[in-house]
Amino acid sequence: MIFIRLTPTPDGQSPSGFEVKGHAGFAPHGQDIVCAAVSFLATTCTNALESIAGIAPKVRQKDGFLAVHVRPEELNDQAATIFQVFSQGMRDLMDAYPDHVTLTTK
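This note's numbering puts the first residue of the sequence shown at -14, with every later residue one more than the last.
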């Protein structure tokens, strides 16, 4: 199971970060489309925060874990949109693969 936890801004209007941990277990290593989709969305979000929103997020990563956070005072409209797209993509994955992906808000 992959666990995704969104961290909302203090006003709750947008995520300001996320943590992804675990492995989907949908298919063998190297063939798991659910794991690949989650990894792709998380990596794209992280890269877009830097290249589009101009923010250097705090990133922590190790095997089966990724945490990406932006300080609320650094969050701009572009970053908020990027996080909202990430959140929507993860909700869509959770709806499609409920036995392999779970999404919560901190």
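Beta carbons: idealized from backbone N, C-alpha and C, even for Gly.
On a CA-only basis, which of the options is nearest residue i? Give me that one, please.
i, options, result
"G7", "P0, P57 and F(-12)", "F(-12)"
"K47", "M79, E4, L60 and T89", "E4"
"P83", "S1, A9, T66 and P(-5)", "A9"
"T66", "A81, A33 and I18", "A33"
"E35", "A64, H14, P13 and P57", "A64"
"T(-8)", "V55, H14 and V70", "V55"
"I18", "L78, K91, T87 and T89", "L78"
"P0", "I40, P57 and Q16", "P57"
"T29", "G74, V86 and A81", "G74"
Between which two residues does the alpha helix (DSSP H) harbouring residue i extend?
i, result
"E4", "Here E4 belongs to no alpha helix (DSSP H); instead the beta strand (DSSP E) covers P0 to G7."
Secondary structure at residue i, three-state DSSP: helix, strand or coil?
i, result
"F68", "helix"
"T29", "helix"
"P57", "helix"
"Q73", "helix"
"Q16", "coil"
What are the residues that DSSP puts in a beta bridge with residue i?
i, result
"V23", "Answer is none; V23 lacks a bridge partner."
"L51", "V5 and Q46"
"L88", "I(-11)"
What residue range is occupied by the uninterrupted beta strand (DSSP E) comprising residue i?
i, result
"F(-12)", "I(-13) to P(-7)"
"Q46", "K43 to K47"
Practice prompt. Indicate whether the contact test is met: 3 or more Cβ pairs, each with one atom in the stretch 23 to 31 and one in the stretch 39 to 58, closer than 8 Å.
Written response: yes
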